[in-house]
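In what follows, a structure is listed as structure tokens, so that the remarks can point back to it.
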Amino acid sequence: MTTDVPTGLSPDLQVTVLGGELSPATTELARATVQQLLDDTGEHARAADVRLSRTRQAVGRPAMAEAVLAVEGGIVRAQVAADTMAEAIAVLRSRLDIQLSRMEWARSGHTAPDSDRSGITDWRQGVEPLRRPTRVQLPADQRVISRHKDVALVRESTDQAAFTLETMDFDFHLFTESGSGQDSVLYRFGPGPFRLAQLVPDPEGLVPPTVQVTVLKSPAPVLTVGQAKASLDASDHPFLFFADPASGRGAVLYARYDGHYGLISPAGSGIGEGGSEVAEEAPEPTAAEPATLDDRVARLETGMQALGDALLELVAGLEETPGGPPDPQRVRRGVRQAHEALLGAGLVRGVRPSSS
11 MTTDVPTGLS
21 PDLQVTVLGG
31 ELSPATTELA
41 RATVQQLLDD
51 TGEHARAADV
61 RLSRTRQAVG
71 RPAMAEAVLA
81 VEGGIVRAQV
91 AADTMAEAIA
101 VLRSRLDIQL
111 SRMEWARSGH
121 TAPDSDRSGI
131 TDWRQGVEPL
141 RRPTRVQLPA
151 DQRVISRHKD
161 VALVRESTDQ
171 AAFTLETMDF
181 DFHLFTESGS
191 GQDSVLYRFG
201 PGPFRLAQLV
211 PDPEGLVPPT
221 VQVTVLKSPA
231 PVLTVGQAKA
241 SLDASDHPFL
251 FFADPASGRG
261 AVLYARYDGH
271 YGLISPAGSG
281 IGEGGSEVAE
291 EAPEPTAAEP
301 ATLDDRVARL
311 ETGMQALGDA
321 LLELVAGLEE
331 TPGGPPDPQR
341 VRRGVRQAHE
351 ALLGAGLVRG
361 VRPSSS
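Below is the structure:
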């Protein structure tokens, strides 16, 4: 176990707001929620960052919450989206609870799901597609490659890659499969087995996996970055794994939530370097379509739920002891929590409730 704080993570639990403005009560709600989860699970985070953001979209789960925690055994990450920030924070806690359970499961000596195929990976079935942020839909001619990550690919087995994919809450994972030596991508589209794409499919050369995995029979297409972008422009696929014609290495071009693209390539491969396809800064996304009636109804239902939660907090503060006088401390706590629920739902402005 390492005691180093991962680069880029804060040694103390820190909440950062990215894009838009949130009240101090909402950021404190996020901090307190994650801290309470750590306390409840007995985990000590050597470093932790929570990031909250609200997109400019009028529809499509605009509130996003992400957390990265460095705990004993490694790093866990979760990213979720919801209609309101209060809901996103609640869903984030639930997702992190599962991620921390997975880490505890790994620390117990497991390296992959149970051999009967009923392992802990099943938690994503029916859940993951509902809580991801909604991508901004930009016309193809407006999309650019706005981010390029040059990374040292980890050499690992399919089982290890599956664990990384799940604990880091990734949609895909680019790595070098240790048995075949092939640059590969492991991914999952909803329920069902993992899928493995390789530069040149070599199922016999894989370290025998215990996770359910389907190895794609087709080799990765040989494309330049520009050709890969043109291919994604013409499709609705979330990412494209391709082989670079110059280096022979594998890379992934993927659709970002802002409507543009990101590129991940092996360190030292030269993929995407010096090319005009990678923009230094992405243009602003176009305005979203007006909210539909279903969207407005969904928001109203979420707001009513927040009002109900706030009312329950207030009642709990007044009726903690049936027939007895209310506890002033409990009443104040109920008022504060009710106010935070309303703030997170965007139903009130950021004025702190009176503590008297």
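At position 120 of the sequence shown (counting the first as 1) the number is 130 in the working numbering, and the numbers step up by one without a gap.
Note that CB positions come from ideal geometry on N, CA and C, so glycine has one too.
* In angstroms, rounded to a whole number, what distance separates the CA positions of Leu-32 and Glu-76? -> What you label residue 32 is simply residue 22 of the sequence shown in a count that begins at 1. What you label residue 76 is simply residue 66 of the sequence shown in a count that begins at 1. For Leu-32 and Glu-76, the gap between their C-alpha atoms comes out near 15 Å.
* Does DSSP put Ser-104 in a helix, in a strand, or in coil? -> Position 94 of the sequence shown holds residue 104. The three-state reading of DSSP puts Ser-104 in helix, counting H, G and I together.
* **Same chain, Cβ closer than 6 Å to Thr-51, neighbours up to 5 away in sequence not counted** => Your numbering for residue 51 matches position 41 in the sequence shown. Correct list, in chain order: Leu-110.
* Three-state secondary structure (DSSP) of Met-178 -> The count along the sequence shown starts at 1 and reaches residue 178 at position 168. Note: Met-178 maps to coil in three-state DSSP.
* Of the residues Ala-73, Ala-96, Asp-59, which one's Cα is nearest the Cα of Phe-85? -> Taking the first residue of the sequence shown as 1, we reach residue 85 at position 75. Rather than Phe, the amino acid found at residue 85 in this sequence is Ile. The candidate whose alpha carbon is nearest that of Ile-85 is Asp-59.
* **DSSP three-state assignment for Phe-199, whether helix, strand or coil** => As a first step, residue 199 must be located in the sequence shown, where it is residue number 189. If DSSP states are grouped into helix, strand and coil, Phe-199 belongs with coil.
* Should the region 154-163 be called in touch with the region 270-280, which here means at least 3 C-beta pairs below 8 Å? -> Touching, yes, given that three or more Cβ pairs across the two stretches are closer than 8 Å.
* What is the rounded straight-line gap between the Cα of His-9 and the Cα of Ala-91? -> What is shown of the chain runs 11 to 366, which leaves residue 9 out entirely.
* Among residues of its own chain, excluding the 5 on either side of Leu-140, which ones have a beta-carbon nearer than 6 Å to its beta-carbon? -> Locating residue 140 in the sequence shown gives position 130, where the first residue counts as 1. A caution first: Leu-140 carries a pLDDT of 47, below 50, which makes its placement in the model unreliable, though a value can still be read off. So no residue of the chain qualifies.
* To do: With DSSP as the reference, label Val-25 as helix, strand or coil.
  => On the sequence shown, residue 25 is found 15 positions in, with the first residue counted as 1. The DSSP-derived three-state label of Val-25 is strand.
* Grab the span of the alpha helix (DSSP H) containing Gln-45 for me, first residue to last. => In the sequence shown, residue 45 corresponds to position 35, counting from 1. Judged by DSSP secondary structure, Gln-45 falls within the alpha helix (DSSP H) whose first and last residues are 34-51.
* How long is the line joining the alpha carbons of Ala-240 and Thr-234, rounded to whole angstroms? -> Residue 240 sits at position 230 when you count from the first residue of the sequence shown. Residue 234 sits at position 224 when you count from the first residue of the sequence shown. Taking the straight line from one Cα to the other gives about 10 Å.
* Using DSSP with H/G/I as helix, E/B as strand and the rest coil, what is Arg-153? -> Residue numbering aside, residue 153 sits at position 143 when the sequence shown is read from its first letter. In this structure, Arg-153 counts as coil in the three-state DSSP scheme.
* Per DSSP, which one or two residues make a beta bridge with Ile-274? -> Counted from its first residue, the sequence shown places residue 274 at position 264. When beta bridges are read from the DSSP output, Ile-274 appears opposite Lys-159, Val-262.
* To do: Please go through the same chain and pick out, in chain order, the residues whose beta-carbon is closer than 7 Å to the beta-carbon of Glu-53, but skip the five residues on each side of it.
  => Taking the first residue of the sequence shown as 1, we reach residue 53 at position 43. The answer, listed in chain order, is Val-81, Leu-110.
* To do: Name, in chain order, the residues that DSSP records as bridge partners for Gln-89.
  => As a first step, residue 89 must be located in the sequence shown, where it is residue number 79. Beta-bridge pairing links Gln-89 to Glu-76.
* Kindly give me the distance between the Cβ atoms of Leu-242 and Leu-209, rounded to whole angstroms, as I take these residues to be in contact under 8 Å. => Against the sequence shown, residue 242 aligns to sequence position 232. Against the sequence shown, residue 209 aligns to sequence position 199. That belief does not hold up - the Cβ atoms of Leu-242 and Leu-209 are roughly 19 Å apart, past 8 Å.
* Closest to His-247 by CA distance: which of Ala-238, Thr-224, Asp-254, Pro-255 is it? -> In the sequence shown, counting from the first residue as 1, residue 247 sits at position 237. In terms of Cα proximity to His-247, the closest of Ala-238, Thr-224, Asp-254, Pro-255 is Ala-238.
* Buried or exposed: which applies to Phe-199, given that a residue is buried once 16 or more other Cβ atoms fall within 10 Å of its Cβ? -> By one-based count along the sequence shown, residue 199 stands at place 189. With fewer than 16 Cβ atoms within 10 Å of its Cβ, Phe-199 is classed as exposed.
* Asked: Within this structure, are the beta carbons of Thr-36 and Met-95 separated by less than 8 Å?
  -> For the purposes of this step, residue 36 is identified with residue 26 of the sequence shown, where counting begins at 1. For the purposes of this step, residue 95 is identified with residue 85 of the sequence shown, where counting begins at 1. In contact: Thr-36 and Met-95 (Cβ atoms closer than 8 Å).
* Straight-line gap, Ser-167 to Val-195 (C-alpha atoms, nearest Å) -> Residue 167 sits at position 157 when you count from the first residue of the sequence shown. Residue 195 sits at position 185 when you count from the first residue of the sequence shown. The C-alpha of Val-195 is placed about 12 Å away from the C-alpha of Ser-167.
* Asked: Cα-Cα, which of Ala-265, Ser-245, Arg-266, Pro-229 is closest to Phe-252?
  -> The count along the sequence shown starts at 1 and reaches residue 252 at position 242. For the residues Ala-265, Ser-245, Arg-266, Pro-229, the minimum Cα distance to Phe-252 belongs to Pro-229.
* Considering only the beta carbon of each residue, do Pro-276 and Arg-259 sit closer than 8 Å? -> Stepping through the sequence shown from its first residue, residue 276 is reached at position 266. Stepping through the sequence shown from its first residue, residue 259 is reached at position 249. At the C-beta level, Pro-276 and Arg-259 come within 8 Å of one another.
* Asked: To the nearest whole angstrom, what separates the beta carbons of Ala-261 and Asp-254, a pair I think is in contact under 8 Å?
  -> Residue 261 sits at position 251 when you count from the first residue of the sequence shown. Residue 254 sits at position 244 when you count from the first residue of the sequence shown. So it is a contact: roughly 6 Å between Cβ atoms.
* Close-in-space but distant-in-sequence residues of the same chain around Asp-212 (CB under 7 Å, 5 per side omitted) -> Along the sequence shown, one-based indexing puts residue 212 at 202. Within the same chain, Ser-190, Gln-192 come within 7 Å of Asp-212 by CB-CB distance, once the 5 residues on both sides are set aside.
* To do: Only counting runs of 4 or more residues, tell me where the alpha helix (DSSP H) segments fall wholly within the region 206-256, in order along the chain.
  => If we require 4 residues or more, the alpha helix (DSSP H) runs fully inside the region 206-256 come out as 235-243.
* Asked: Are Leu-250 and Val-223 touching if we call contact CB-CB under 8 Å?
  -> Taking the first residue of the sequence shown as 1, we reach residue 250 at position 240. Taking the first residue of the sequence shown as 1, we reach residue 223 at position 213. One thing to note: Leu-250 has its Cβ no nearer than 8 Å to the Cβ of Val-223.
* Test item: CB-CB of Thr-43 and Arg-103 under 8 Å -> Within the sequence shown, the letter at position 33 stands for residue 43. Within the sequence shown, the letter at position 93 stands for residue 103. With a cutoff of 8 Å on beta-carbon distance, Thr-43 and Arg-103 are scored as near each other.
* Asked: From this set, Leu-28, Gln-89, Pro-72, which residue's C-alpha is nearest Phe-180's C-alpha?
  -> Position 170 of the sequence shown holds residue 180. Gln-89 is the residue among Leu-28, Gln-89, Pro-72 whose C-alpha sits nearest the C-alpha of Phe-180.
* **Span separating the alpha-carbon of Val-225 from that of Phe-204** => One-based indexing of the sequence shown puts residue 225 at position 215. One-based indexing of the sequence shown puts residue 204 at position 194. Linking Val-225 to Phe-204 through their CA atoms gives a straight-line distance of about 9 Å.
* **Inter-residue spacing [alpha-carbon to alpha-carbon] between Val-161 and Pro-34** => If you number the sequence shown from 1, residue 161 lands on position 151. If you number the sequence shown from 1, residue 34 lands on position 24. Whole-angstrom Cα-Cα distance: 36 Å.
* Asked: What is the DSSP secondary structure of Glu-187, reduced to helix, strand or coil?
  -> Working through the sequence shown from its first residue, we reach residue 187 at position 177. Residue state, collapsed to three classes: strand.
* Coarse secondary structure for Glu-283, derived from DSSP in three states -> Taking the sequence shown and counting its residues from 1, one reaches residue 283 at position 273. Glu-283 falls in the coil class under three-state DSSP.
* Assign Glu-268 to one of three DSSP states: helix, strand, or coil. => On the sequence shown, residue 268 is found 258 positions in, with the first residue counted as 1. One detail in the question is off: residue 268 reads as Asp in this sequence, not Glu. Three-state DSSP puts Asp-268 in coil, outside helix and strand.
* **For Ser-194, the three-state DSSP class (helix, strand or coil)** => On the sequence shown, position 184 is the one that residue 194 refers to. In the structure shown, the three-state DSSP call for Ser-194 is strand.
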